[in-house]
Amino acid sequence: MEPDHPASQLVRLDKTRLWHPFTPMREWCSDEHQPLILTKGRGAWLEDLEGNRYLDGNSSIWTNVHGHSHPHIVAAIQRQAASLAHCSFLGSTNEPAIRLAAALVDRFPQDTLTRVFYSDDGSTAMECALRLALQFRSHTGEGRRNRFLVFDQAYHGDTLGAASLGGLPLFHEPVRDLGYPVTRVRSLAGLQALPAEVLDSTAAVVLEPLVQGAAGMRLWPPGMLSALRAWCDQHDVLLILDEVLTGFGRTGTLFACQQENVVPDLLALAKGLSGGTVPLGATLVTERIFSAFLGTASAPLTFFYGHSYTGNPLACSAALASLEIFDLENTLDRLPRLTQCLQDSLETWRQRSTHVSDLRQCGLIAGIDITRDGSGGNPFPPAMRMGARVCLAARKLGLLTRPIGDTLVLMPPLCVTEREIQDAVHALEQATQEVCPN
Ligand SMILES: *Cc1c(COP(=O)(O)O)cnc(C)c1O
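Counting in this note's numbering, the final residue of the sequence shown is number 462, and the numbers go up one at a time with none missing.
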């Protein structure tokens with residue numbers, strides 16, 4: 025590329041002025057690295073500055089739901105931007121935020137989750153859930169219950185409180201001794217084995233239902249979620265579900281918890297909430313939690329928490345439009361066929377591959393482990409960064425995704441076609457063949 029080409033100028037500015045998340049910046053800024061500058065999105069496809077097209081294989085870091093630039097969401101955002109882009113949620117309210125809250129509550133059994141508290145993203149939706157749970161305990165005279173039970177390899181976001189619950193050494197070691205008191209368990213059995221003193225000091229248990237995303241798309245055994253709900257009820261422990269990844273159709277149902285007929289006490293939503301267009305988080309709670317914050321006129325029990333952009337009308341109108349699309353396009357009805365297609369394509373690949381050691385799938389979420397010889401016992405040395413190299417090779421074949429270590433992730437938007445799924449799996453297979461030594 026010519027040095028005075030507009031793209032070269034952008035790349036130079038990016039490499040001298042920006043700092044990217046979760047990114048080793050020495051490598052990013054090196055001369056060899058060609059940053060991908062994306063300019064357009066349409067349906068399941070993204071386009072870069074040079075006109076190359078890529079299937080969005082991880083739904084733009086797990087956010088996109090109905091495809092990029094969906095006309096229904098674009099129109100809603102444009103309409104809202106032209107009338108009111110933002111107003112304070114402290115002391116005033118707005119129509120999109122009201123209607124979205126009602127629409128979200130309507131998606132759950134009557135009189136279960138009844139109140140919606142908005143925030144900005146998954147991390148802050150989780151922060152709200154955690155602080156609400158603690159403050160609930162304090163308001164109900166159970167202040168001794170100030171501990172969270174969390175699972176190994178959990179990921180709940182990057183703000184300090186949310187990160188302190190995390191169980192991924194690479195991400196969470198630096199904040200290990202900061203944040204909330206937590207007790208970590210591996211499984212439901214680990215939880216059931218906890219001594220009574222721990223239970224008695226526990227505010228809530230926190231779980232990514234059905235699938236732990238950042239852990240590498242690790243699946244919980246079927247029945248785990250409903251058994252956990254029963255255990256929580258038995259021990260008066262609140263259940264906080266983090267559906268930041270699993271919400272909005274990704275697992276085959278609108279929410280993952282519906283698959284085991286579970287309703288949590290607190291539910292965190294973000295990522296797909298706005299259809300993957302603008303940042304928005306929401307924490308849904310039961311009336312039992314909410315009513316502990318009512319207090320009296322002389323002794324208000326206020327939740328002193330919020331952000332400047334809480335209840336943002338643009339974001340809420342995008343989220344409302346995204347929810348409407350589920351009905352307009354019968355999105356959920358299309359998912360069983362797509363899920364089956366993904367399963368068949370991955371299975372075909374596994375059968376002829378010498379590198380696929382494990383496949384995990386939940387709805388349209390898939391994690392594919394690659395190893396040297398296709399068995400779990402012989403992984404590539406992490407320094408080879410094989411997962412990243414496979415994804416780079418796949419990019420040249422028109423598929424954009426990002427691995428978690430040597431777990432390849434395939435999680436296309438729900439608007440994807442069967443043909444696109446087959447092509448995406450094929451691109452991953454071809455890229456793996458190219459990159460992995462035999
Ligand atoms: C992405 C994610 C978060 C954090 O959401 P952000 O919007 O990135 O802050 C929290 N929990 C889970 C399960 C996630 O996948």
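Every residue gets a Cβ at the ideal spot worked out from N, C-alpha and C, and that includes glycine.
(request) Put Ile122 into one of helix, strand or coil per three-state DSSP. (result) Correct three-state label for Ile122: helix.
(request) Can you say whether Asn462 is buried or exposed, counting buried as having 16 or more other CB atoms within 10 angstroms of its CB? (result) exposed
(request) Within the same chain, show all residues whose beta-carbon is closer than 6 Å to that of Cys460, passing over the 5 residues directly before and after it, in chain order. (result) His379
(request) Under 6 Å Cβ to Cβ from Asp182, same chain only, skipping five residues before and after it: list those, please. (result) Ser147
(message) In whole angstroms, give me the CA-to-CA distance for Thr326 and Ser298.
(response) 28 Å
(request) Indicate the three-state DSSP secondary structure (helix, strand or coil) for Arg274 in the structure shown. (result) coil
(request) Work out the CA separation of Ala106 and Val302 for me, nearest whole Å. (result) Rounded to the nearest angstrom, the two C-alpha atoms are 16 Å apart.
(message) Any heavy atom of ligand 1 inside 8 Å of the beta-carbon of Thr148?
(response) yes
(request) Compute the minimum distance between the beta carbon of Leu290 and the heavy atoms of ligand 1, and state whether it is under 8 Å. (result) no
(request) Take the Cβ of Pro436 as the centre, count every other Cβ of all protein chains shown within 10 Å, and call the residue buried at 16 or more, exposed below. (result) buried
(message) Does His96 come out as helix, strand or coil in the three-state DSSP assignment?
(response) Note: His96 maps to helix in three-state DSSP.
(message) When you measure from the CB of Asp266 to every non-hydrogen atom of ligand 1, does any distance come out below 8 Å?
(response) yes
(message) Looking at the secondary structure, which residues open and close the beta strand (DSSP E) in which Ser381 lies?
(response) Val380 to Cys386
(message) Assuming Ser341 and Ile122 are in contact, meaning their beta carbons sit under 8 Å apart, how far apart are those beta carbons, in whole angstroms?
(response) Not really, about 11 Å apart at Cβ, beyond 8 Å.
(request) Identify the continuous beta strand (DSSP E) that holds Ala390 and give its terminal residues. (result) Ile389 to Ile394
(request) Using alpha carbons as the reference points, say which of Thr87, Pro233, His450 and Trp69 lies closest to Asp368. (result) His450
(message) I'd like the span of the alpha helix (DSSP H) that includes Lys420, first residue to last.
(response) Met410 to Lys420
(request) Provide the residue(s) that pair with Gln236 in DSSP beta bridges, ordered along the chain. (result) Arg242
(request) Starting from the C-beta of Trp86, find all residues in its chain whose C-beta is less than 8 Å away, skip the five residues before and the five after it, and write them out in chain order. (result) Gly237, Leu269, Arg274, Lys295, Gly296 and Met435
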